[in-house]
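**Student:**
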Amino acid sequence: IFMDGGVIVEEGTPAEIFGAPIMRRTQDFLSRVL
6 IFMDGGVIVE EGTPAEIFGA PIMRRTQDFL SRVL
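Mapping to the numbering used here: the sequence shown position 3 is 8, numbers consecutive.
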């Protein structure tokens with residue numbers, strides 16, 4: 006689960022979220038922290 010402001014914006018397995026995030030917010034966050 007990836008949350009932004011207390012709201013779930015994306016959910017899936019870690020492999021799905023880290024490997025191929027769908028939501029732009031998730032993509033932006035992961036590109037900055039990884």
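Heads up, the beta-carbon is just placed ideally off N, CA and C, and yes, glycines get one too.
#1: Out of curiosity, what's the CA-to-CA distance linking T18 and Q32?
#2: Do you know how far the Cα of R30 is from the Cα of R37?
#3: Helix, strand or coil for E15, going by three-state DSSP, please let me know.
#4: Quick one: give me the first and last residue of the alpha helix (DSSP H) that F35 is part of.
**Tutor:** Quick look at the numbers:
#1: Distance between T18 and Q32, taken at the CA atoms: about 15 angstroms.
#2: Rounded to whole angstroms, R37 to R30 spans 11 angstroms at the Cα level.
#3: In the structure shown, the three-state DSSP call for E15 is strand.
#4: In the sequence on display, residue 35 carries Leu and not Phe. DSSP places L35 inside the alpha helix (DSSP H), whose first and last residues are 29 to 38.
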